[in-house]
Structures are given as C-alpha cells and as structure tokens.
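Read the structure below first, then the notes.
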Amino acid sequence: MQKIGVFVCWCGSNIAATVDVKAVAQALKNEAGVVFSTDYQYMCSENGQAMIRQAIKEHQLTGIVVCSCSPRMHEATFRKTAVSAGLNPYMVEIANIREQCSWIHKDIAEGTEKAIVLARAAVAKLHKNAPLTAGTSPVTKRALVIGGGIAGIQTALDVADAGFEVDIVEKSPTIGGRMAQLDKTFPTLDCSACILTPKMVEAAQHEKINIISYAELESLSGFVGNFTATIRKKARFIDEDKCSGCGVCTEKCPSRKGLDEFNMKLNKRGAVYIPFAQAIPNVAVIDAEQCLHFRTGKCGLCQKNCSAGAIDFEQKDQLIERKYGAIVVATGFKPIDASAFNEYAYNDSPDVVTSLEFERIMNAAGPTKGQLIRPSDLKHPHEIVVIQCVGSRCTEDKEKGKPYCSKICCMYTAKHAMLVREKYPDVKVHVFYIDARTPGKNFDEFYRRAVEQYDVDYIKGMVGKVAVEGDKLHVQGSDLLNGEQVHINADMVVLATAIEPDPTARSLGTMLTASMDTNDFFTEAHPKLRPVESPPAGIFLSGVAQGPKDIPETVAQAGAAAAKVIGLLCKNELTCNACVAQTNEAICNGCSQCEKVCPYGAITYEDKEIRSPEFRGIRRIATVNEAICQGCGACTVTCPSGAMDLKGFTNSQIMSEVDAICR
Amino acid sequence: MQEMIINRLRELLADGEYAGVIGWAQGETPFDRTPNLFNAEGLDQLRYDSFCGSNLSKYLVQQASKTEKKIIALLKPCDCYSFNQLCTEHRIDRNKVYVIGVGCKGKIDVEKIRKAGIKGITGITEDGDLLKIETMYGEKEISRKDVLLEKCLACKGKEHKCADEVLGESEETCSGDKYAAVRRLEAMTAEERFEFWRGELSKCIRCNACRNVCPACSCIKCVFDNPNSGVQNKAAADDFEESLFHIIRAYHVAGRCTDCGECSRVCPQGIPLHLLNRRIIQDVNELYGDYQAGESIGQRHPLTDFTLEDEEPSVIDTRGGGK
C-alpha cells in the first residue's frame, strides 16, 4: 500500500478563483492510501517545494500527487523536489487542475467537482506506480538543415561556427532560396544579392558545412540525438567534382524551350543551365525533360564542348544515408498561384504580374536586364497599379486565398513603388490597400517615405476588376476614404500575392512527425516560450516554414534555432525516457504487429524459452530496445493481447484512472 | 470427393512423414461435422461434404507446434485466407504444414433449412442445385443456393491461396454485394443503429464461441481472460459491458479479419457479428484502397502500415464524423 501525499496548488487566483482548493484537499483526505493532503498558494515556489519535502519525510510518503498546472510546466520541478526528499522521480503524479479545469470552467462548484475527480484519478494511478530508472543515449554531433535559403544558410553558419558539422539539403540546384531572387531589400534598399551572396560563399567555404544541392530528404528514422536520414541526391547529369562552372555548355545547348525558374519563368533557358551567376555550387544541371539527348538520343553538344568532361548522361539518383543529432526545417515559402485570381486578368494579360515576377523584371540579372518594360510589347509603362492582399487575409474563399496576413507584402510593395519612382520619375504608381501594416524597425518611416517623398498614390480600397482594353489594363476599384469609384487605365498591374509554405512542407512534416497548422506552416512546441522548436524532440524550425516573416526576422529566428541545435549537440549523451515499453513474455504472441507500428525501430524478435501456464517451449517474443524506445505507446495499443505495456503508463494504470473518474 | 480425399491421404500418411491430418469427422448431431486430427488408421472416420463449413486453419496453431513432423491440413478456398494470415503473424510455421486445398461449392446451413419451415429433418441428399430433404412429415425440396451459409454468400473465390495440392473442383458462390447489410446499417440514424446493436448484442450469453473459433483471435492469453489486464471481469459485468466485448473484439481483429464469417456461424444466439468486422473492412478499403487480409503470406495490413499518402486524421471531418 502506498502512502500518498496530495498537494493542491492555488496558482495564485489562476486555480483558486474557480476551484475550491481547500475542498479539494479535504476531499482527497478520504481517498485510500492518502495520508496527507494540503493546499498552498504557489506549490512551485521554494516554500511550496519545502512543504512537499517536509511532508515526504514526516509522513514517510511513498508517492505524491500535485494538483496544479499542466505537467508540461512543472512536472520536472516536482520530480526534482521528490528526488531531493529521497523519492524516485516517477512516484510523482500531476493532476492538471488548471488547464483542464479552472481555466475552462466558470462555475466554482463544477470546477471543484472536476478537480476532485482529476485528483482521484491521479491517486488511483499512483497506487500502481513503480520506481523507474532512465537510461542514456549518445548524441550524433552533426546537424541536418533542410532548405538552403537565407534561413537554412544562417542556421548552418551559426551551428558550424560553434564547431559542429552541418549538412544543408537543398532541393533546387543552388542554395540561396527566395532571397536570391529579390532585387532590393526593405527598409534599407540595399541589393539583396550583395548581402546574400557573401553568406552563400561563407557557407560553401566553411569546413564544417557540406552542401547537398539538388537533393531531398527521402526518409528519416530514429529520434533526438540519433536520427538516420536517407537523402536522395537527384541526378543532375553533371559531375559536380569535374564541372568548373565555365558555362560553355549552357551557351552551346541548342534547346531553348525550358522556362527559367529563377526568373519566375519570364524567359527561356537552355536544357543545361546554371540557375544564376552566383549559384552555389557553381555547377550546371541538365533538365532531362528539355534535353534533346534524353528526348531523341542525339545532340550531346554539351558533352562534346565540355573541356572538363563533366557531362554524364548516365548519372543516376544517389541515396546518401547519414546520422544526425538534430534536424532544422528551413523549407521556406513560395508565392501562391495567382492564376486563381482571374478578376485581376492575371491569365489574360502578360502585363499583370506577381510581385516576385516584378522583382525579377526590376533586377539587373533579370529577364529585362533590369529595365522596366512591359512583358507584352516591351514598351516602357507609364502607369502602374499595385493591388495588395491578393490572396492574403482572404477568409471567404479558402480554396483561392489564405486566411492569414502574409506580413511582407505591405513593405515590399512600398519598396517596389519607391524603386520605380526613383528610377523612372515619369511613371505613376497607384497602390490599392486594405491597411498598410508596417510594424518593424524603420518600417513605418519607410512607408511614409514612399507616400510623402516619392508621391506614391496610395488608395485605401480594393480593386473589383481588371479588364484588358486594347493595350491598356482598365482597373476599376473603390476609394473608401473619398467614397468613390476609381478607374485607372494602367500599363501594368502588379499583384502583391500572398505567400504559402513550400509544397514539400506537408510531406516533410509527416515524415518528421512534426505538427503543422491548417495552412501547412510548421507549428512550434510553444507559441511563446519555444518558438523555434517543433514538438518532436530534436526538430527545430527556421524561417518562413514556421510562419510569414521578413528577412531580419528570419535571420534572427535562424540564429535562435542554431542556438537550440548547439545546446543539444554539445551534450555527449541524453537522458532517455524512463517510460518505455516492455513485453510480458508470458502472453506475447510474437505476431509482429508492434514491430510494424514502432516509428523508432525499437522492437525486434527473439526465440525464447517460455514457461507459463498456457505455454511451455520456445516461442517468438518481442523485445524492446530501451535506448531507442521513446515511449510513444503505439505498440501498446496495437498489441491485441495486451502483452506490450508502457512503464509509467501501463494499461492497468490507465484503467485505474478511468475507473476513478467514472466512480 | 470424400473417397478421393481419403485415398490421397492414405498415400501421404503411408510412410510416416506426416504427423496426421486435420479434417472433419462426424459430430454429435447428424449434420454436424467437427474438426478432428486423424492418423492413418482413423481415416475412415473422415467426412467431407456440404456440411463441412468450419474453418480448420486455427487448429494448426496448436497442432503444428506440437510436433516435429509436418501436419496435413484440409482447407477450403476461404480457409486459406485465415491460414495465410496466421502464417503472416508467425502463429503457424508454413513449413510445418502440407496444405491440401479441397474443392468447395458452398456449404449448407441446416438452420436456414429449418427457418424455411422444414422441420423434423432426417436426411438430406443433393441433386445438383436441388436438395431433397427427408423429414418426419415426408419429403421436401429446397434450392441449394437458398440455404448456403452466410459466409458463402461473401465467397472470396474458388482459388486456394496457399495450397500445396488441390483436390476437387470449386465454385464461386458469392451473391453479389456483400456490403449491402452494412450499408443498410449505415443508412440508419445513430439512435436506430444503437438500438439495433443493443438488441442484437443483448442476446449474447458470453459463451465465447465467436472468440474461440475466430482465426484472428489467436492470442495465447486473451485480454478478457487476463487477471492483470484490469478488464477480466468487466466484459461480463453487465449487458453494456458485454456489448463492449464484441466491439473491442472487432477492433482487435481490425485489418487482420479475413471475413471468414465463423463468428456468426458459431453464434448460438444468431448475432450477426460479422457485420461489425465487415464495417471495419469496408472502412479500410475505402480509406486505404482495397485490401484482403490473408491474400498472401507476409502482407502488411493498412492499419500497421504507414505511407505519406495515407489519409490525414481530418478525414473524420470530411466524412461527417466530426459533427
């Protein structure tokens, strides 16, 4: 029989306002095995903990129940308290009477009743608790960063600077990501490439960083400190070690039908290409769909002209298997598909462009060499209309747009308007907006400059329709401040499209068992206190994969994620979970179902001699590797005979809790 | 057919290579065929006719592990699925069983004849699709296909999926849509459905026949018999807990149930237990693509298999379950 102490916390008024804590402590005195029960204002305070320690010694308690906040908050605290008084840490149970009780009830009678029930369940479970000992597991001192944009690059640099090896897996042929496509950056208007490419070069030259470009994560197994990743390095048909990046092949290639992804498909590229001048690695890639050699078996001009002999049409996808201690998700974003917004004539006129397309048009390395000309007739535009919130804050039509604010559009629109006005004072720029959202250091000043200094015509209101009329775009919108309809005959229309997570995010999230929100952004372990960690241990979040962000925020978050990774990798070993699965060999059927559902590969089978009332002889039995088991419990619910059980959460402990609740 | 099987078995058992044969013998009542382990001497007692509906595969779990020698099993096409499933779960060592696939043209449910109003049966003879039934009140006739076992109406085909040799011809007896009854239940309101199942399951006398015959229920110790499970006495506590017994059993065999129909066949109270399993099979097929448990050895059933293309849990909402 256990001797149990119950400690009911007020949490100031957080609990005490909706739960009669004294009544709870009093009611629990009558539970079997409870020899001490009390309440206190802040159980987690030094005084509260001292009270627990004293009671354990005075009443020779064998276990304690703390009725307080979620175990995610203070379970560790009270376990340490118990240890310091000589108890096993797993003889502590938390009844969550705050999140599950006081915070969700208004009526004090109801709240109190539920708190008593929850405390009883904890006591019932504690009766079946047994002391547990945790093992340890080693840490592989290498990190994997998924995504080679500015977020991934910054995280990799920070982790590598601390002395740990980092692999960056980038799905496109070069690192750099979206930032490489930008012309200028707000709010300083410095050239994006000028500040990004030094970082790219630094990453490439760093002795601890290994860039695996044109590659994707194929599968992942293991757990924090001990992940095993399989990376598929796609065939680029170029030997990366031989290619010098001279670009001769790209000039000789006779195919000119491929669309240039880097320039948002605004111009054509060869079938063999280097995405952009500063690409890293500076190695060409062959687009097999466009390449004449792959389509007809002929050509091979690139191969004939490559002095390095780097062209390898026989190259196959390569699978790389490596171990990692930590994984960082930095998969970034893409602009949404604007073709759903036909009211803005995006499908009807090439002169209606998205902001990222406009960014390429303005860029010196872009399809127009930085000249502002219309894609349709290459004429210089005189009147440009920008429509903001295209697909952002779109709550009515979830298929078409996103319910969230994409956060960066107000600022990049102000930037575009300013750049146009600066370079071409003859061009009038109108911006239709819902609100101008400019929180951020020097952001509002930037926006004000666009309005006041550059005389950009900001119109509060949305555009109803853009119609193609001859070589003009007839924009019909409303001006809410003046209460009138506005008609503008524009030469170009720019859609400030929403951003969404990269399409690979969802499947990656499933692979990592990382949780995601309904918009496919990765969810953080705690929205305020653990913003760069994903709920599964050892998975970290960097950049827009977690939510819309601008560059300064992305870089800050990338550094924060790196700090978390470093904190993990500098440990030599991690304390394992003591709550691991174990087999009851007398009743295990050896049916292999648990092995199949185990996400960690912790279960294997052995032929063992069994002597039980039901069976004598050699039988196939499941065995759990306790260092690998993470205590998820998938095996216990799969096992039909109940032979698999989770220490600390045994089936009978859970049944006792349910019984106590239903009593 | 029976003669052909016995003759072949005599040949096989002659040199002592096999420990015996699992087949059917005459049971206590005229139309009862009971599972039996035969040796060469006892083969005269072996019966194989239209009343051998029972599935013998589960007996191999015990019998095949008892002996060093191989054992011979007589399996109908549908029994092979259960056999394969048990091999997949390592409950039977495939190398220790010599499977003779026996031909099957559907088995007869004597209860159905009685329910058709034919009482006092003293003998049944088959004449093609016609059954001639001698009764205490004279001779009656009934169409064979009208009195087939429920499981034969969901026949999975005439192919033996695991046989080392096949004796006799088989015919498929499936009567079209095996999910019709499931859909009828699905069309009910939640309250009607609850009433239906309460009505059926309240007949349960907890004789455990369904569990004991079920080839998917092959646990060495069932949770409901395990004093440490915390549910040992629960399942018999009251009629509500008895309902839970059947529902929990259906979940325990989910993904592994081959739809052999033995649970309903043996139920002395006539509860259509197979409908619970079939509902889950229908769900599995709908969510993860068509799947037949026991099709082959080594299959991984959809509920213990995970792919990136799997349905997200939100499917519950899209199918209206979240309301």
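Here the protein sequences come in this chain order: A and B. Position in the first sequence (first residue = 1) + 233 = my numbering. Position in the second sequence (first residue = 1) + 450 = my numbering. Positions of the beta carbon are idealized from the N, C-alpha and C atoms, including for glycine.
Beta-bridge partners of residue i, as assigned by DSSP
i                     : result
residue 717 (chain A) : A:712
residue 562 (chain A) : A:379 and A:774
residue 722 (chain A) : A:707
residue 269 (chain A) : A:238
residue 568 (chain A) : A:732
residue 603 (chain B) : Paired residues: none, contrary to the question.
residue 400 (chain A) : A:377 and A:443
residue 807 (chain A) : A:370
residue 749 (chain A) : A:755
residue 466 (chain A) : A:448 and A:551
residue 474 (chain B) : B:485 and B:497
residue 815 (chain A) : A:878
residue 840 (chain A) : A:853
residue 355 (chain A) : Per DSSP, none; premise fails for residue 355 (chain A).
residue 520 (chain B) : B:468
residue 666 (chain A) : A:693
Partner residues on chain B for residue i, Cβ-Cβ distance less than 7 Å
i                     : result
residue 812 (chain A) : Simply none; closest approach about 18 Å.
Cβ-Cβ distance between residue i and residue j below 8 Å
i                     : j                     : result
residue 518 (chain A) : residue 471 (chain A) : yes
residue 235 (chain A) : residue 295 (chain A) : yes
residue 557 (chain B) : residue 612 (chain B) : no
residue 619 (chain A) : residue 701 (chain A) : no
residue 448 (chain A) : residue 390 (chain A) : no
residue 580 (chain B) : residue 591 (chain B) : yes
residue 543 (chain B) : residue 514 (chain B) : yes
residue 650 (chain B) : residue 571 (chain B) : no
residue 322 (chain A) : residue 315 (chain A) : yes
residue 496 (chain B) : residue 525 (chain B) : no
residue 778 (chain A) : residue 734 (chain A) : yes
residue 631 (chain B) : residue 725 (chain B) : yes
residue 654 (chain A) : residue 687 (chain A) : yes
residue 826 (chain A) : residue 871 (chain A) : yes
residue 724 (chain A) : residue 615 (chain A) : yes
DSSP-derived helix/strand/coil call for residue i
i                     : result
residue 738 (chain B) : helix
residue 557 (chain A) : strand
residue 724 (chain B) : helix
residue 650 (chain B) : helix
residue 707 (chain B) : coil
residue 489 (chain B) : coil
residue 773 (chain B) : Only weak support exists for where residue 773 (chain B) lies, its pLDDT of 46 falling under 50; the value from the coordinates is given anyway. Coil.
residue 881 (chain A) : coil
residue 688 (chain B) : coil
residue 605 (chain A) : coil
residue 577 (chain B) : strand
residue 557 (chain B) : coil
residue 621 (chain A) : strand
Residues that residue i contacts on chain A, provided the C-beta gap is smaller than 9 Å
i                     : result
residue 539 (chain B) : 822, 823, 824, 825 and 826
Under 8 Å from the C-beta of residue i: neighbouring residues of chain A
i                     : result
residue 672 (chain B) : 874
residue 750 (chain B) : 829
residue 758 (chain B) : 740, 743 and 744
residue 755 (chain B) : 829
residue 545 (chain B) : Those within 8 Å of residue 545 (chain B) in chain A number zero; the least Cβ separation is about 14 Å.
residue 676 (chain B) : 820, 874 and 875
Contact set between residue i and chain B, taken where Cβ atoms lie within less than 8 Å
i                     : result
residue 847 (chain A) : 670 and 671
Contact set between residue i and chain B, taken where Cβ atoms lie within less than 9 Å
i                     : result
residue 412 (chain A) : Within 9 Å Cβ-Cβ: nothing; residue 412 (chain A) doesn't reach chain B, min ~29 Å.
residue 276 (chain A) : Those within 9 Å of residue 276 (chain A) in chain B number zero; the least Cβ separation is about 31 Å.
residue 644 (chain A) : Those do not exist, as residue 644 (chain A) stays about 34 Å from chain B at its closest Cβ, beyond 9 Å.
Chain-ordered neighbours of residue i on chain C, where CB pairs are closer than 7 Å
i                     : result
residue 433 (chain A) : This model lacks chain C altogether; the protein chains it does include are A and B.
Cβ-based contacts, 8 Å cut-off: residues of the stretch 631 to 663 of chain B near chain A: Going along the stretch 631 to 663 of chain B in chain order, one finds no residue with a Cβ nearer than 8 Å to chain A.
Within 7 Å of chain B by C-beta, residues of the stretch 852 to 878 of chain A in sequence order: Residues passing the 7 Å Cβ filter: 853, 871, 873, 874 and 875.
Selection of the stretch 700 to 733 of chain B by Cβ proximity to chain A, strictly under 7 Å: The residues in question are 702.
Where the stretch 475 to 486 of chain B meets chain A: residues whose CB sits under 7 Å from a CB there: Answer in chain order: no residues at all.
Residues from the stretch 481 to 497 of chain A in contact with chain B, defined by Cβ distance under 9 Å: none
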